[in-house]
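Inspection log for the structure reproduced underneath, given as structure tokens.
Written out as structure tokens, the structure is:
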């Protein structure tokens with residue numbers, strides 16, 4: 032686990048510890064209510080292996096890393112489109 036990841040995990044643990052049971056349950060339930068859809072993507076074996084290695088290095092599930100990479104990429108493209116439009 033990287034120092035940055037460990038520091039963030041400790042920060043989150045502290046925030047969660049300071050919450051009441053009701054606040055914690057509300058936060059968890061809100062996250063479960065976020066609607067997601069299952070999609071099927073065709074990825075090369077090489078790409079999947081690269082993502083798995085990175086995820087293992089960061090101690091995160093590779094599916095979560097893929098989702099994060101897609102989210103980050105889409106956000107960057109949206110910002111680029113907005114800059115071009117203005």
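Numbering (the working numbering), first residue to last: 32 to 117.
C-beta: ideal position from N, C-alpha, C; glycine also.
All figures in this text were calculated on a predicted structure; none of them were measured in a lab.
Could you tell me how far apart the beta carbons of residue i and residue j are, in whole angstroms, since I believe they sit closer than 8 Å?
i          : j           : result
residue 86 : residue 100 : With 8 Å as the limit, residue 86 and residue 100 do not qualify as a contact, their Cβ atoms being about 10 Å apart.
residue 77 : residue 93  : Wrong, their Cβ atoms sit about 14 Å apart, outside the cutoff.
Can you name the start and end residues of the alpha helix (DSSP H) that residue i belongs to?
i           : result
residue 103 : 93-116
residue 9   : Only positions 32 to 117 of the chain appear in the structure, and residue 9 is not among them; the question remains open.
Give the secondary structure of residue i by DSSP, where H, G and I count as helix, E and B as strand, and everything else as coil.
i          : result
residue 68 : coil
residue 37 : helix
residue 58 : helix
Between which residues of its own chain and residue i is the CB-CB distance below 6 Å, once the five residues before and five after are set aside?
i           : result
residue 50  : none
residue 75  : none
residue 116 : none
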